[in-house]
Amino acid sequence: ALSITSRGSPEEKLKWAFELYDIDGDGLITKDEMLQIVDAIYRMVGSMVQLPEDEDTPEKRVDKIFHLMDTNSDGKIDLAEFKAGSHRDPLIMQALNLYDGLV
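Taking the numbering used here, the leading residue of the sequence shown gets 897, the next gets one more, and so forth.
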């Protein structure tokens, strides 16, 4: 995983990230699956990061992501929606490129 996040192409990184959020491996990310991962991330970073008010809880962040990515409003994000939404959110792409060249 570290190899993909440090040397993989943007498409490989997006596929890896999608699979991370797709906990049950059914090819779709539900709000519950995303909330589990986002909640864990928020607990890890704690108060080290000052977040905007519309993202200051895991639930708010997940709602914002789903608003951006769930283009057919079915309550699930497939890989195509995830990739398209990620390209529209510079923070997601920046996070995926954080470890470029380290390994």
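Don't be surprised by glycine CBs; every beta carbon is placed ideally from N, CA and C.
Tell me which residues share the same chain as residue i and place their Cβ nearer than 7 Å to its Cβ, disregarding the 5 neighbours each side in the sequence.
{"i": "residue 913", "result": "992"}
{"i": "residue 900", "result": "Here residue 900 scores only 45 on pLDDT, less than 50, and its place in the model should not be relied on; the value that follows carries that caveat. Here the set comprises 908, 909, 912."}
If the criterion is Cβ atoms closer than 8 Å, does the pair residue i and residue j meet it?
{"i": "residue 931", "j": "residue 954", "result": "yes"}
{"i": "residue 933", "j": "residue 916", "result": "yes"}
{"i": "residue 925", "j": "residue 973", "result": "yes"}
{"i": "residue 975", "j": "residue 923", "result": "yes"}
Give the single residue among the options whose Cα lies nearest to the Cα of residue i.
{"i": "residue 966", "options": "921, 927, 915", "result": "927"}
{"i": "residue 950", "options": "977, 944, 963, 908", "result": "963"}
{"i": "residue 905", "options": "979, 985, 984, 987", "result": "979"}
{"i": "residue 956", "options": "940, 988, 944, 935", "result": "935"}
{"i": "residue 929", "options": "961, 940, 944", "result": "961"}
Considering only DSSP beta bridges, list what residue i is partnered with.
{"i": "residue 972", "result": "926"}
Could you give the DSSP three-state label for residue i: helix, strand or coil?
{"i": "residue 932", "result": "helix"}
{"i": "residue 943", "result": "helix"}
{"i": "residue 985", "result": "coil"}
{"i": "residue 950", "result": "helix"}
{"i": "residue 961", "result": "helix"}
{"i": "residue 919", "result": "coil"}
In chain order, what residues of the same chain have a beta carbon less than 8 Å from the beta carbon of residue i, not counting five sequence neighbours either side?
{"i": "residue 969", "result": "none"}
{"i": "residue 983", "result": "989"}
Using a Cβ-based criterion (distance less than 7 Å to any ligand heavy atom), does residue i qualify as near the ligand ADP?
{"i": "residue 983", "result": "Because no ligand of any kind appears in the structure shown, any question about the ligand ADP cannot be addressed here."}
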